[in-house]
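To keep things clear, I will list the structure first and then write my remarks on it.
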Amino acid sequence: MVLRIYQRRPGEEMIGMTDKNSIRLLWRQGDSVAEVERKTGVSRDTVYKYRNMDDFSPEPPARRAQGSKLDPYRPLIES
């Protein structure tokens, strides 16, 4: 397996699946959080976030409970 280790460019925001898997692989190989941070160029908080994560699929946004447009007229309709 080829491990891609590089420094991030300033302003680069999102990390890809390769980076997430690199974090997990380095962690499983016994590197400390600080070592993983230096090798991958991500913050310590990012290492903590992804080191034990099993499912990388994003959670769908929560839907707000909305009333019906007819709710103001419900008493009239039901009577």
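Residue numbers (my numbering): 3 to 81. Think of the CB as a built atom: it goes at the ideal place given N, C-alpha and C, for glycine as much as any other residue. Predicted, not measured: the structure shown is a model, and the values here were computed from it.
Would you mind sorting L28 into buried or exposed? The rule is 16 or more other CB atoms within 10 Å of its CB. For the purposes of this step, residue 28 is identified with residue 26 of the sequence shown, where counting begins at 1. The residue is buried, with at least 16 neighbouring Cβ atoms inside 10 Å.
C-alpha distance - N54 paired with A64, whole-angstrom precision: Numbered from its first residue, the sequence shown carries residue 54 at position 52. Numbered from its first residue, the sequence shown carries residue 64 at position 62. Rounded to the nearest angstrom, the two C-alpha atoms are 24 angstroms apart.
Leaving aside the five residues before and after Y52 along the sequence, list all residues of the same chain whose C-beta is less than 6 angstroms from its C-beta, in chain order. As a first step, residue 52 must be located in the sequence shown, where it is residue number 50. Excluding residues within five positions, the ones whose Cβ falls inside 6 angstroms are K22, I25.
Please report the distance separating the alpha-carbon of Q68 from that of E61. By 1-based counting over the sequence shown, the position of residue 68 is 66. By 1-based counting over the sequence shown, the position of residue 61 is 59. Going by the C-alpha atoms only, they are around 20 angstroms apart.
Under three-state DSSP, which class holds N23? Translated into the one-based positions of the sequence shown, residue 23 becomes position 21. Helix at N23.
Helix, strand or coil: which one does DSSP assign to D57? Taking the sequence shown and counting its residues from 1, the one referred to as residue 57 is at position 55. Reduced to three states, the DSSP call for D57 is coil.
Looking only at its chain, what residues have a beta carbon closer than 8 angstroms to the beta carbon of D33, apart from the 5 residues adjacent to it on each side? Translated into the one-based positions of the sequence shown, residue 33 becomes position 31. Only K41 meet the Cβ criterion.
Exposure label - E80; buried when at least 16 CB within 10 Å: Position 78 of the sequence shown holds residue 80. With fewer than 16 other Cβ atoms within 10 Å, it is exposed.
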